[in-house]
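Colleague: Letter 52 of the sequence shown, counting from 1, is numbered 77 in the working numbering, and no numbers are missing. Using N, Cα and C, we set each Cβ at its ideal position, and we do this for glycine too. Fair warning: this is a prediction, and the values are worked out from it, not measured in the lab. Just passing along the structure, written as structure tokens.
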Amino acid sequence: MGAYPSAAASASASVATVAPAKFRIPLLKSPMYFGHTSSRVNRPYNEDRYAATVLDINDEKVFSFAVFDGHGGSECSSWLEENLAKVVEQGDDINMDKLARDYAKNINGYWRRWYKHRKSHMDSLRGAPLSLSDASARHLNLRQRLPASYLDADYQFCSSSQKSGSTCTNAFFETVIGTPTDYYFMRNTVSIMTIAHVGDTKAILVDRNGEAHALTQPHHPSNPVESERLNKYATAFMTDSFGEERFIALANTRAFGDVKFKQMGVSAEPEISQLVVGDASAVSAHLTPEEIAKYTIGGLGGNESFLVLCSDGITDVLTDQEIADIVMVHYNNRGTTVATPQLGAEEVVKFVEFVGGDDNATCLVVRLNGWGMWPVTDRTGELRQSRLSDYNPRQRRE
26 MGAYPSAAAS
36 ASASVATVAP
46 AKFRIPLLKS
56 PMYFGHTSSR
66 VNRPYNEDRY
76 AATVLDINDE
86 KVFSFAVFDG
96 HGGSECSSWL
106 EENLAKVVEQ
116 GDDINMDKLA
126 RDYAKNINGY
136 WRRWYKHRKS
146 HMDSLRGAPL
156 SLSDASARHL
166 NLRQRLPASY
176 LDADYQFCSS
186 SQKSGSTCTN
196 AFFETVIGTP
206 TDYYFMRNTV
216 SIMTIAHVGD
226 TKAILVDRNG
236 EAHALTQPHH
246 PSNPVESERL
256 NKYATAFMTD
266 SFGEERFIAL
276 ANTRAFGDVK
286 FKQMGVSAEP
296 EISQLVVGDA
306 SAVSAHLTPE
316 EIAKYTIGGL
326 GGNESFLVLC
336 SDGITDVLTD
346 QEIADIVMVH
356 YNNRGTTVAT
366 PQLGAEEVVK
376 FVEFVGGDDN
386 ATCLVVRLNG
396 WGMWPVTDRT
406 GELRQSRLSD
416 YNPRQRRE
């Protein structure tokens, strides 16, 4: 993997295999369904990591895809790659009251105050579950599980005395309408997609019309949600020499690890969102018009094209629509048997490398029901051509 041999230090990735009665799917070796690539680009090393896993939660299969952008070393992102999915899978065993006490006692600061209002904090993090009225729909309610799981994983890593940190954007797919051996990418299925987000990695959902929709916003000091959360710690904010607002010495106000900043309020509390994705005919048959308008992207009612998860080494260079268009144009030019999600992910990273990206770049492309059915159009072709024409490698060396 990786776009160019000169930048071939790719992130490692964990893998899981699905083994229902019908077939087996080794996720990282299924380019028709899932694309993944990572490059150090112009950095001497790659701190990005990613994972593709199948969780077994209450006898239901849940597909999990995650990207981790490490900083201050790769220890945290590597730990999450290997362990976060396991913590989520075992989330029923977490004693949240004890965990909150441990945060308050051993980290103090922000967490001591957080502990006093822990119930309202947890209720806010979980939010209202997405629930469908169709009697045949199955529900796991991942929103209940994820906040405690993320905080538990963070506490475990912080207890290891490592100083590095990592952001994370994690997508979960649970099939709620279909047979027990039907999964989110199959026809006649409806799934709930849950996004758990910490930091400035990103999730982008591309709808049936090929339009890109950002599902996450970076947890930076300028984010109003973060400013409100941390308003008691305003003295911890500073502006760096480039005019960018930072929290202490960090751009991200939410992250795993970063143990020395935990008492200031750096947190792995996930921001969680949920949408319905799936086959348009099944969505139309099983959801009410009100549910379609509320729970599907743009109210379009299914046949979403694909999901992108990526590190900020990509989103700092390309707009969301450019990322989507690179994948779709490659498909339109090469055809269904050649232009897989795997090659689409590689094309995105190649472009970032070619125009002079300066951070690790990781791109995951998750195929959805509307893959390949988008209109043949390129909304950002001129912009991308301009980037290619304007890039001057000599300026980079000066």
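I'd like to know whether the C-beta atoms of Gln-181 and Asn-133 end up nearer to each other than 9 Å.
Modeller: no
Colleague: Taking 7 Å as the limit between beta carbons, can you name the residues of its chain near Pro-172, skipping five residues before and five after?
Modeller: Cβ within range, chain order: Met-147, Leu-150, Arg-151, Glu-294 and Pro-295.
Colleague: Assuming Leu-389 and Phe-197 are in contact, meaning their beta carbons sit under 8 Å apart, how far apart are those beta carbons, in whole angstroms?
Modeller: Their Cβ separation, rounded to whole angstroms, is 13 Å, which puts Leu-389 and Phe-197 out of contact at 8 Å.
Colleague: Can you tell me the Cα-Cα spacing of Ile-348 and Lys-141, whole angstroms?
Modeller: Approximately 43 Å, taken between the alpha carbons.
Colleague: Give the DSSP-derived three-state secondary structure of His-164 in the structure shown.
Modeller: coil
Colleague: Using DSSP with H/G/I as helix, E/B as strand and the rest coil, what is Gly-60?
Modeller: strand
Colleague: Would you mind giving the Cβ-Cβ distance between Glu-378 and His-355, rounded to the nearest angstrom? I have them listed as a contact below 8 Å.
Modeller: Not quite, the Cβ-Cβ distance comes to about 15 Å (not below 8 Å), so this is no contact.
Colleague: For Met-398, which residues of its own chain have a beta-carbon under 8 Å away from its beta-carbon, when the five flanking residues on both sides are left out?
Modeller: Arg-233, Asn-328 and Ser-330
Colleague: Exposed or buried, Glu-407, counting other C-beta atoms within 10 Å across all chains shown (16 or more means buried)?
Modeller: Its Cβ having fewer than 16 others within 10 Å, Glu-407 is exposed.
Colleague: At 3 residues or longer, and completely inside the stretch 279-339: list those beta strand (DSSP E) runs for me, N to C.
Modeller: The qualifying runs are 296-303 and 331-335.
Colleague: Taking Cβ positions, are Ala-228 and Thr-194 nearer each other than 9 Å?
Modeller: yes
Colleague: Can you check whether the CB of Gly-95 is closer than 9 Å to the CB of Asp-73?
Modeller: yes
Colleague: Contact between the stretch 215-231 and the stretch 122-131: three or more CB pairs below 8 Å?
Modeller: no
Colleague: Assuming His-96 is part of the beta strand (DSSP E), what are its boundary residues?
Modeller: 85-96
Colleague: Can you say whether Gly-326 is buried or exposed, counting buried as having 16 or more other CB atoms within 10 angstroms of its CB?
Modeller: buried
Colleague: By Cβ distance below 7 Å, which residues in the same chain neighbour Ile-317 in space, the five residues on each side in sequence not counted?
Modeller: Around Ile-317: Val-308, Gly-324 and Gly-326.
Colleague: Can you look up Pro-51 in the DSSP assignment and give me helix, strand or coil?
Modeller: The answer is strand: DSSP assigns Pro-51 an E or B state.
Colleague: What is the rounded straight-line gap between the Cα of Ala-46 and the Cα of Ser-414?
Modeller: Confidence at Ala-46 is low in this model, with a pLDDT of 39, below 50, so the placement of that residue is unreliable and no value is reported for it.
Colleague: Taking the C-alpha atoms as reference points, what is the distance between Asn-248 and Ala-162?
Modeller: 36 Å
Colleague: What would DSSP say about Asn-195, mapped onto helix, strand or coil?
Modeller: Here Asn-195 sits in strand by DSSP.
Colleague: Inspect the beta-carbon positions of Ser-191 and Ser-63 and report whether they are closer than 9 Å.
Modeller: Not a contact, by the Cβ cut-off of 9 Å.
Colleague: Going by other Cβ atoms of all chains shown within 10 Å of its Cβ, with 16 needed for buried, is Tyr-507 buried or exposed?
Modeller: What the structure shows of the chain is the stretch from 26 to 423, and residue 507 is not part of that stretch, so it cannot be assessed.
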